[in-house]
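Engineer: Chains as they are written, first to last, in our numbering: chain F, 145 to 253; chain X, 797 to 1122; chain Y, 3 to 255.
Each residue gets a CB set at the ideal place from its N, CA and C atoms; glycine is no exception.
Quick one: the structure is below, questions incoming.
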Amino acid sequence: MTSPLIQKEAIEKLPSRNEWPLWEVFVRGQNGVSHRHFGSLHAPDADAAIRNARDVYTRRNEGVSIWVVEAKNIAASSPSAKGPLYDPAASKVYRHPTFFNIPDDAGPM
Amino acid sequence: MYAQMIESEVECEDPQKLKEFQNRIDAGDKIEPQDWMPNGYRKTLIRQIGQHAHSEIVGQLPEGNWITRAPTLERKAILLAKVQDEAGHGLYLYCAAETLGVSRDELTEMLLDERMKYSSIFNYPTLTWADMGAIGWLVDGAAIMNQVPLQRTSYGPYARAMIRICKEESFHQRQGFDIMIKMAKGSAEQKHMAQDALNRFWYPALMMFGPSDTDSVHSVQSMAWKIKMNTNDELRQKFVDQTAPQADLLGLTIPDANLEWDEHKGGYNFTEPDWSEFYAVINGNGPCNVERLAARKKAWEDGQWVRDGLLANAEKHAAKIPVAAE
Amino acid sequence: MAQEPAYFEFLCRMGDNALVLGHRLSEWCGHAPALEEDIALANTGLDLIGEAQLWLGLASDVEDRGRTADDLAMGRDVWDFRNHLLTEQPNGDFGQTMMRQYLFDAWHVCLLDALCDSSQAHTAEIAAKTVKEARYHLTRSRSIVIGLGDGTSESHRRMQTALDRLFPYVGEFFETDSIDRAMTASRIAPDPNSLKDPYLETIRSTFLDATLCVPEQEFYLSGGKTGRQHSEHLGHLLTQMQWLQRAYPEASW
Chain F
145 MTSPLIQKEA
155 IEKLPSRNEW
165 PLWEVFVRGQ
175 NGVSHRHFGS
185 LHAPDADAAI
195 RNARDVYTRR
205 NEGVSIWVVE
215 AKNIAASSPS
225 AKGPLYDPAA
235 SKVYRHPTFF
245 NIPDDAGPM
Chain X
797 MYAQMIESEV
807 ECEDPQKLKE
817 FQNRIDAGDK
827 IEPQDWMPNG
837 YRKTLIRQIG
847 QHAHSEIVGQ
857 LPEGNWITRA
867 PTLERKAILL
877 AKVQDEAGHG
887 LYLYCAAETL
897 GVSRDELTEM
907 LLDERMKYSS
917 IFNYPTLTWA
927 DMGAIGWLVD
937 GAAIMNQVPL
947 QRTSYGPYAR
957 AMIRICKEES
967 FHQRQGFDIM
977 IKMAKGSAEQ
987 KHMAQDALNR
997 FWYPALMMFG
1007 PSDTDSVHSV
1017 QSMAWKIKMN
1027 TNDELRQKFV
1037 DQTAPQADLL
1047 GLTIPDANLE
1057 WDEHKGGYNF
1067 TEPDWSEFYA
1077 VINGNGPCNV
1087 ERLAARKKAW
1097 EDGQWVRDGL
1107 LANAEKHAAK
1117 IPVAAE
Chain Y
3 MAQEPAYFEF
13 LCRMGDNALV
23 LGHRLSEWCG
33 HAPALEEDIA
43 LANTGLDLIG
53 EAQLWLGLAS
63 DVEDRGRTAD
73 DLAMGRDVWD
83 FRNHLLTEQP
93 NGDFGQTMMR
103 QYLFDAWHVC
113 LLDALCDSSQ
123 AHTAEIAAKT
133 VKEARYHLTR
143 SRSIVIGLGD
153 GTSESHRRMQ
163 TALDRLFPYV
173 GEFFETDSID
183 RAMTASRIAP
193 DPNSLKDPYL
203 ETIRSTFLDA
213 TLCVPEQEFY
223 LSGGKTGRQH
233 SEHLGHLLTQ
243 MQWLQRAYPE
253 ASW
């Protein structure tokens, strides 16, 4: 199985090799935000991937928590469906608070 | 520079798709791995990112040559951290290349059997401690000049790798300049080392931007695709303009009798490097090509049993994990 | 205080172990089996060099003769170095490096843990900072020793060779001399011998997981931490490490 994060046209050309699998690394920064995708790396297994992520991606104090997931296990939305998936949301302007005109006297809202 | 000799690949593609692709790039869209892309774009990127990654990895060697001889504990730590960063940069770039459907091991093999190249600069020897200063100041300085605009390159994973790299890279040039200051203001011998390092690295640093490419079809294509952001000559001029006053500040002399400020063009006039030397180095005949490649080959071959061993262990354990559902 | 020369000696032992092993690891930079390992080895090396700066810095304060940490690192000859023989052993292959690292880390963590309760506040502070680093080093080297020990037949063979080669240096960790007795008496540091049983228990369980056999032997090599008799390797290491300082003694870098 190959990662959905890799260029499709190229996939069939990938030879099968005895290579450490590719992992995607997610790091929670110091300030308590969500884990964010930081990059990728190679590791023989999940434990090693976490250690490698610690050594590769948090050398400058960037994080306090790490998630790793093997790249092939990520499911991704299809780019050809970009229109149907994301355009419809653009017309739902009433979902945004600025849509509504509230009189100033109403106080904080 | 790391994209020193990249020729873009142009292939026949569906004109309609090509037009839409170009429109996206012109509109400032980022291209992501799953998006349609011309085969030429993909291949050029693989070569460019791969070459850049190889340059980072081979680039560990000339500076690595001095880690064990660094003069103080702090200098030793700084240099080790710096060379370690180069490995990190190589890693980020290989990962970006991998999104294009080529594996890191495959790229490594192409480096080792010389199907792919790396920047010519790393085939020069590091002979004194001042070379650590000159490399940080000149080589990293030149690299940054190329890398900063590449943060805006059209290919998303490449742009993101460059953003991370640039963030880390600014420490590199500063530590180099800091060494140069110490050396240039130090004892007579240290000053001699500093001048000697500048003498040896000046022209190789200018070569890092590659030969003039203003008339190259490939460069025009790469620039249209926004995987090359400036011409080689533009960057070289910018580098000289930035570096010449710094040399003055250090009290060192750039080894170019023709170097002078040109009021009219608003930049320095300078002597072009010897391009025959550049081609000789690129084609394997530089002072350290043999050593650099041999060191990478040895690391790769000696490491095979380790990579295999750890993978075999991981596979044994994966097989042993019990399945939760009965 | 009465133990000052002994305390200085003890601090040099701590600093020299970290310095010499950190230096050895820095030799790997650019040559490791995978990029991730290259970066990780450099991290461990950086931690150890940082640790050496702390111990040798404290040693220079205690000595109070104007020698800095750098002077101690770059200005002493072989006989004044106080590191264990294990740390100066050459890198060998990656297996030998990781085996040396594991054997060291397991001891280092035991010792630093105990030093967190040192009667000397500065020593306790350094131990509290560095034990966190050492724990991570241990996690990492342990996993790799197990991974390679129980990997392919080749990796297993190489790891067993490395263990057989390096095990004779382990005994020096637990040797007690007059310096140690002075440190124990003033509750600055634990009796080295008190670390032996927990250490052996730790490494035996690791080697069981790694499918490696711990050599059954009482014989061991020593002479490093007393400076009585280093191996031939240390002189070459110092030749490189100290060269610039010795060639240009007046220069500042």
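In chain F, what lies closer than 8 Å to Ala1110/X by C-beta?
Structural biologist: As a working note, residue 1110/X is residue 314 in the second sequence. Under the 8 Å cutoff, chain F gives Pro188, Asp189, Ala192.
Engineer: My output table needs one value for Thr183/F: the three-state DSSP class, helix, strand or coil.
Structural biologist: The residue you call residue 183/F lines up with position 39 of the first sequence. Note that residue 183/F is Gly in the sequence shown here, rather than Thr. The answer is strand: DSSP assigns Gly183/F an E or B state.
Engineer: What is the C-beta distance between Leu71/Y and Gly59/Y, in whole angstroms, given that I count them as a contact (C-beta under 8 Å)?
Structural biologist: Your numbering for residue 71/Y matches position 69 in the third sequence. Your numbering for residue 59/Y matches position 57 in the third sequence. For the sequence presented, residue 71/Y should be read as Ala rather than Leu. Right, the Cβ-Cβ distance comes to about 4 Å (below 8 Å), so this counts as a contact.
Engineer: So that I know if they touch, is there some Cβ in chain F lying closer than 9 Å to that of Leu37/Y?
Structural biologist: Position 35 of the third sequence, counted from the first residue, corresponds to residue 37/Y. So, interface residue.
Engineer: By Cβ distance below 7 Å, which residues in the same chain neighbour Tyr890/X in space, the five residues on each side in sequence not counted?
Structural biologist: The residue you call residue 890/X lines up with position 94 of the second sequence. The answer, listed in chain order, is Ala849, Arg900, Leu903.
Engineer: Using a Cβ-Cβ cutoff of less than 6 Å, which residues in the same chain neighbour Asn1085/X once the five nearest sequence positions on both sides are dropped?
Structural biologist: In the second sequence, counting from the first residue as 1, residue 1085/X sits at position 289. Taken in chain order, the residues that qualify are Asn919.
Engineer: Chain Y partners of Pro945/X, CB-CB under 8 Å?
Structural biologist: Looking up residue 945/X in the second sequence gives position 149. In chain order: nothing, as chain Y lies at least about 26 Å away.
Engineer: Who are the near neighbours of Glu156/F in its chain, counting only those whose CB is closer than 6 Å to its CB and skipping five residues on each side?
Structural biologist: Taking the first residue of the first sequence as 1, we reach residue 156/F at position 12. Because Glu156/F sits at a pLDDT of 49, beneath the cut-off of 50, its placement in the model cannot be relied upon, and the point is left open.
Engineer: Tell me, to the nearest whole angstrom, how far the beta carbon of Thr154/Y is from that of Ala1108/X; I am working on the premise that it is less than 8 Å.
Structural biologist: The count along the third sequence starts at 1 and reaches residue 154/Y at position 152. The count along the second sequence starts at 1 and reaches residue 1108/X at position 312. About 5 Å; that satisfies the 8 Å criterion.
Engineer: For Val879/X, collect the residues of the same chain with a Cβ closer than 6 Å to its Cβ; drop the 5 residues on either side in sequence, then sort them by chain order.
Structural biologist: Position 83 of the second sequence, counted from the first residue, corresponds to residue 879/X. So the list reads Gln856, Glu859, Gly860, once near-sequence residues are dropped.
Engineer: At a CB distance below 8 Å, what residues from the segment 195-226 of chain F approach chain X? Give them in sequence order.
Structural biologist: Within the segment 195-226 of chain F, the residues whose Cβ lies closer than 8 Å to some Cβ of chain X are Val200, Arg203, Arg204, Ala220, Ser222, Pro223, listed in chain order.
Engineer: Counting beta carbon pairs with one atom in the segment 194-209 of chain Y and one in the segment 167-184 of chain Y, are three or more of them shorter than 8 Å?
Structural biologist: Yes, the segment 167-184 of chain Y touches the segment 194-209 of chain Y.
Engineer: Assuming Val177/F contacts Tyr201/F under a Cβ cut-off of 8 Å, what Cβ separation, rounded to an integer in Å, is found between them?
Structural biologist: Taking the first residue of the first sequence as position 1, residue 177/F is located at position 33. Taking the first residue of the first sequence as position 1, residue 201/F is located at position 57. With 8 Å as the limit, Val177/F and Tyr201/F do not qualify as a contact, their Cβ atoms being about 15 Å apart.
Engineer: Could you give the distance in angstroms between the alpha-carbon of Ala1001/X and the alpha-carbon of Thr895/X?
Structural biologist: Counted from its first residue, the second sequence places residue 1001/X at position 205. Counted from its first residue, the second sequence places residue 895/X at position 99. If I take the Cα positions, the gap works out to 31 Å.
Engineer: Name, please, each residue of chain Y whose Cβ falls closer than 7 Å to the Cβ of Leu185/F.
Structural biologist: As a first step, residue 185/F must be located in the first sequence, where it is residue number 41. What Leu185/F touches in chain Y: Glu38.
Engineer: Out of Glu163/F, Lys216/F, Pro165/F, Gly183/F, state which residue places its alpha-carbon closest to the alpha-carbon of Arg172/F.
Structural biologist: Here residue 172/F corresponds to residue number 28 of the first sequence, with the count starting at 1. For the residues Glu163/F, Lys216/F, Pro165/F, Gly183/F, the minimum Cα distance to Arg172/F belongs to Gly183/F.
Engineer: Taking the runs of the alpha helix (DSSP H) that are 4 residues or longer, which of them lie wholly in the segment 994-1030 of chain X?
Structural biologist: DSSP runs (the alpha helix (DSSP H)) wholly in the segment 994-1030 of chain X: 1013-1020.
Engineer: Taking Leu50/Y as the reference, which of Asp73/Y, Gly17/Y, Asp79/Y has the closest Cα?
Structural biologist: As a working note, residue 50/Y is residue 48 in the third sequence. Ranking the options by Cα distance to Leu50/Y, first place goes to Gly17/Y.
Engineer: State the start and end residues of the unbroken alpha helix (DSSP H) segment that holds Ser207/Y.
Structural biologist: For the purposes of this step, residue 207/Y is identified with residue 205 of the third sequence, where counting begins at 1. Run containing Ser207/Y: 198-211, per the alpha helix (DSSP H) assignment.
Engineer: With DSSP as the reference, please indicate the residues paired to Glu168/F in a beta bridge.
Structural biologist: Along the first sequence, read from residue 1 onward, the residue named residue 168/F stands at position 24. The partner list for Glu168/F (beta bridge, DSSP) reads Ser184/F, Val213/F.
Engineer: The alpha helix (DSSP H) with Tyr201/F in it runs from where to where?
Structural biologist: Translated into the one-based positions of the first sequence, residue 201/F becomes position 57. Run containing Tyr201/F: 190-201, per the alpha helix (DSSP H) assignment.
Engineer: Curious, which full-length alpha helix (DSSP H) runs of at least 4 residues does the segment 96-128 of chain Y contain?
Structural biologist: The segment 96-128 of chain Y contains these whole alpha helix (DSSP H) runs: 96-117.
Engineer: Per DSSP, what are the beta-bridge partners of Tyr1064/X in this structure?
Structural biologist: The sequence position of residue 1064/X within the second sequence is 268, counting from 1. Bridge partners of Tyr1064/X: Trp1057/X.
Engineer: Short check: CB of Val22/Y to CB of Leu239/Y, under 9 Å?
Structural biologist: As a working mapping, residue 22/Y is identified with position 20 in the third sequence. As a working mapping, residue 239/Y is identified with position 237 in the third sequence. In contact: Val22/Y and Leu239/Y (Cβ atoms closer than 9 Å).
Engineer: Between Glu870/X and Gln55/Y, is the Cβ-Cβ spacing less than 9 Å?
Structural biologist: Taking the first residue of the second sequence as 1, we reach residue 870/X at position 74. Taking the first residue of the third sequence as 1, we reach residue 55/Y at position 53. Against a cut-off of 9 Å, the Cβ pair of Gln55/Y and Glu870/X comes out as a contact.
Engineer: Taking only the alpha-carbon atoms, compute the straight-line gap between Ser121/Y and Gly24/Y and give it to the nearest angstrom.
Structural biologist: For this step, residue 121/Y is matched to residue 119 along the third sequence. For this step, residue 24/Y is matched to residue 22 along the third sequence. Distance between the alpha carbons of Ser121/Y and Gly24/Y: 27 Å.
Engineer: State the Cα-Cα distance for the pair Ala873/X and Arg248/Y, rounded to the nearest angstrom.
Structural biologist: Taking the second sequence and counting its residues from 1, one reaches residue 873/X at position 77. Taking the third sequence and counting its residues from 1, one reaches residue 248/Y at position 246. Cα to Cα, the separation comes out at about 19 Å.
Engineer: Quick one: does Trp109/Y have its CB under 9 Å from some CB of chain X?
Structural biologist: Counted from its first residue, the third sequence places residue 109/Y at position 107. Taking Cβ atoms only, chain X never reaches closer than 9 Å to Trp109/Y, which makes this a no.
Engineer: For Met979/X, which option in Gly226/Y, Glu11/Y, Arg183/Y, Ala253/Y has the closest C-alpha, if you only look at C-alpha atoms?
Structural biologist: Within the second sequence, the letter at position 183 stands for residue 979/X. Here the closest residue by C-alpha is Ala253/Y.
Engineer: Beta carbons nearer than 8 Å to chain F: which residues of the segment 888-913 of chain X have them?
Structural biologist: Listed by position, the residues of the segment 888-913 of chain X near chain F (Cβ gap below 8 Å) are Tyr888, Cys891, Glu894, Thr895, Leu896, Gly897, Val898, Ser899, Arg900, Asp901, Glu902.
Engineer: DSSP state of Ile1140/X, grouped into three classes?
Structural biologist: Since the displayed chain X opens at 797 and closes at 1122, residue 1140/X lies outside it and no answer follows.
Engineer: At a cut-off of 8 Å, would you count Arg167/Y as near the ligand FAD, judging by its Cβ distance to the nearest heavy atom?
Structural biologist: The model depicted lacks the ligand FAD and carries no ligand whatsoever.
Engineer: For the candidate residues Glu206/F, Ala192/F, Arg180/F, whose alpha-carbon lies nearest to that of Val147/Y?
Structural biologist: Counting from 1 along the third sequence, the entry for residue 147/Y is found at position 145. Here the closest residue by C-alpha is Ala192/F.
Engineer: Which residue comes first and which comes last in the alpha helix (DSSP H) that contains Val944/X?
Structural biologist: Residue mapping note: residue 944/X aligns to position 148 of the second sequence, counting from 1. That run of the alpha helix (DSSP H) goes 936-946.
Engineer: Mapping the DSSP letters down to three states, classify Tyr9/Y as helix, strand or coil.
Structural biologist: Position 7 of the third sequence, counted from the first residue, corresponds to residue 9/Y. Tyr9/Y: helix per DSSP, three-state reduction.
Engineer: Would you mind sorting Gly244/F into buried or exposed? The rule is 16 or more other CB atoms within 10 Å of its CB.
Structural biologist: Within the first sequence, the letter at position 100 stands for residue 244/F. Looking at the sequence shown, residue 244/F is not Gly but Phe. Exposed.
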